[in-house]
Amino acid sequence: MRTNPSTRTGAGRALVTVYGVFALAATARSLVQLLTKADEAPLAYALSAVAGLVYVAATIGLAELGPNPRRLAWAAVGFELVGVLTVGTLTVLDPELFPDQTVWSAYGAGYGWLPLVLPFAGIAWLWHTRPRP
Amino acid sequence: MDGPLPLALLVGSLLFAAVVLVYVVLDRTPDWGLLGLAGVVEAATLVLLVVAAVQVGGVDLSGGAVVTLFGYLLAGLVLLPIGFVWSLAERSRGATAVLLVAGLAQAFVVLRVMQVWPS
Chain F
406 MRTNPSTRTG
416 AGRALVTVYG
426 VFALAATARS
436 LVQLLTKADE
446 APLAYALSAV
456 AGLVYVAATI
466 GLAELGPNPR
476 RLAWAAVGFE
486 LVGVLTVGTL
496 TVLDPELFPD
506 QTVWSAYGAG
516 YGWLPLVLPF
526 AGIAWLWHTR
536 PRP
Chain C
498 MDGPLPLALL
508 VGSLLFAAVV
518 LVYVVLDRTP
528 DWGLLGLAGV
538 VEAATLVLLV
548 VAAVQVGGVD
558 LSGGAVVTLF
568 GYLLAGLVLL
578 PIGFVWSLAE
588 RSRGATAVLL
598 VAGLAQAFVV
608 LRVMQVWPS
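Chains F and C, in that order, are what the protein sequence lines are. If you're matching positions, the first sequence starts at 406 in the working numbering and goes up one per residue. If you're matching positions, the second sequence starts at 498 in the working numbering and goes up one per residue.
The following block contains the structure:
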């Protein structure tokens, strides 16, 4: 019998909540930055906006909304992992690269390292709930 | 926003999160007591929003800071209700933990409001 466990029940419900909070926070913050001071650090703020959209996509995917939520969730948490590792490494090597903080700067140290932990939690949860024949 | 309200709300949010943590550990589902505590936090957040709206004209804040301030206050207003709707749709330890996340996010929002407001 083929099983297809839900990603939004049990512990997944709390995980969706954490992603939802990050989606709201990162998107709202980047909107405020882009609308009020876009010229100060356009690259950092554009990156914040991308991070916000990635969190929105992960939230939608893990909450099982839309036509192919599992694929969306995998793509989002994969992008998120690459993003936080890349931006984290770049900002540690060259702090001048982004004049203002982004959610992924210094591996998310400004957000209690949660941005670094979250993609691993997302991947672990997607793997744990993978469809099995 | 002088006075004890912001600090009391911060403590209340953390207290709510701590109580939810006990519920999660004991694997208890949310009850009326928990809902009542969330109601008190929610009402205090609404009062804080009104107080901020009344007093914001008298303090030195840039346009961006004002948007940030009320963004946080509005987020603080919707966090717990959305958290409860999402949590109560299911009876499980993970669903109760949703309220823990919401309570901690609420505390963070209040903390940020206190930081943005000029002392």
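Cβ coordinates follow ideal geometry from the N, Cα and C atoms, glycine included. All values derive from a computational prediction rather than experimental measurement.
Nearest neighbour of C:Leu577, chosen from C:Gly554, C:Val564, C:Val607, C:Gly555 [CA to CA]:
C:Val607
Sorted by chain position, which residues of the same chain lie with C-beta nearer than 7 Å to C:Ile579's C-beta, five sequence neighbours on each side aside?
none
Are at least three pairs of beta-carbons, each pair with one atom in the region 518 to 531 of chain F and one in the region 515 to 533 of chain C, less than 8 Å apart?
no
In chain order, each alpha helix (DSSP H) run of at least 4 residues that lies wholly inside the region 551 to 615 of chain C
560 to 585, 590 to 613
Taking all protein chains shown into account, do 16 or more other C-beta atoms lie within 10 angstroms of the C-beta of F:Leu498, making it buried, or fewer, making it exposed?
exposed
Which residues of the region 576 to 594 of chain C have a Cβ closer than 9 Å to any Cβ of chain F? Give them in chain order.
Leu576, Ile579, Gly580, Trp583, Ser584, Ala586, Glu587, Ser589, Arg590, Gly591, Ala592, Thr593, Ala594
With a threshold of 7 Å between beta carbons, is C:Thr565 in contact with chain F?
yes
Could you check where the alpha helix (DSSP H) with F:Arg537 kicks off and where it finishes?
It is not in any alpha helix (DSSP H) - F:Arg537 carries neither H nor E in the DSSP assignment.
Whole-Å CB distance - C:Leu558 paired with C:Pro615, under 8 Å assumed
7 Å
Tell me, to the nearest whole angstrom, how far the beta carbon of F:Tyr460 is from that of F:Ala428; I am working on the premise that it is less than 8 Å.
4 Å
Residues bridged to F:Thr408 by DSSP?
F:Arg537
At the level of alpha carbons, what is the spacing between F:Val487 and F:Leu440?
27 Å
Taking 7 Å as the CB-CB cut-off, is C:Gly561 touching chain F?
yes
Run down chain C in chain order and give the residues with a C-beta less than 7 Å from the C-beta of F:Val423.
Val598
Give the residues from the region 416 to 444 of chain F that approach chain C closer than 7 Å (Cβ to any Cβ), ordered along the chain.
Ala416, Gly417, Arg418, Ala419, Thr422, Val423, Val426, Leu429, Ala433, Val437, Thr441, Lys442
Mark C:Val538 as exposed unless 16 or more other C-beta atoms lie within 10 angstroms of its C-beta, in which case mark it buried.
buried
When we look at the beta-carbon of F:Trp509 and count the other beta-carbons within 10 Å, is it buried (16 or more) or exposed?
buried
DSSP on F:Leu470, reduced to helix/strand/coil?
coil
Using alpha carbons as the reference points, say which of F:Leu458, F:Val492, F:Thr496 lies closest to F:Ala478.
F:Leu458
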